[in-house]
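Data first, discussion second: the structure below is written as structure tokens.
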């Protein structure tokens, strides 16, 4: 099992506390099989509120995937010990141009190679503190690193 942190860095102008809206945000990833190193050609969505049964196990995961090349089954789950609900990218992070972790995922039999931040995000006004939804982020740098 490998724990991976999903991180982002962006330039926020007049905003703070940038984060995905809701627990059912569709996190989009490129996924590669750890066995044969084949990468799935499409983006795969992972929703923290949905679980699937793992074959031959009593366990569940947020994503269960079978590699088309080697037929090995892999799975990905959000790490419940990481508090996603309070994780956000702040104005301070932006000013210092540093990465912030927004989620941690446990991967078994696969690797997450890329994160696409498409979706609905929320942020607050840096001065007013007024919350706003539907923020689209254009210029952002993402990375996935070991947690």
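In our numbering, the protein residues as written are 422 to 568. C-beta atoms are modelled at their ideal positions from N, C-alpha and C, and glycine is treated no differently.
- Taking residue 521 as the centre and dropping the five residues before and after it, the same chain places the C-beta of 428, 429, 430, 508, 509, 510, 511 and 514 closer than 8 angstroms to its C-beta, in chain order.
- Secondary-structure assignment with DSSP links residue 448 through a beta bridge to 467.
- Looking at the DSSP output, residue 499 shares a beta bridge with 526.
- For residue 543, the enclosing beta strand (DSSP E) has its first and last residue at 542-546.
- In its chain, beyond the 5 residues on either side, 494 have a beta carbon closer than 6 angstroms to the beta carbon of residue 487.
- Taking every protein chain shown into account, the CB of residue 442 has fewer than 16 other CB atoms within 10 angstroms, so this residue is exposed.
- Counting every other CB atom within 10 Å of its CB across the protein chains shown gives residue 476 a total below 16, marking it as exposed.
- Shown here for residue 538: same chain residues with a beta carbon closer than 7 angstroms to its own, the five before and five after excluded, namely 429, 558, 561 and 563 in chain order.
- Excluding five sequence positions before and after residue 481, the CB atoms of its chain that fall closer than 7 angstroms to its own CB belong to 472, 473, 474 and 475, given in chain order.
- Within the model, the alpha-carbon separation for residue 530 versus residue 423 is close to 9 angstroms.
- Rounded to whole angstroms, residue 456 and residue 549 show a C-alpha spacing of 50 angstroms.
- Under a 10 Å Cβ-count criterion, residue 496 is classified as buried, with 16 or more other Cβ atoms of the shown protein chains found around its own Cβ.
- Spatial neighbours of residue 518 in its own chain (CB-CB distance under 7 angstroms, excluding positions within 5 residues in sequence) are listed in chain order as 430.
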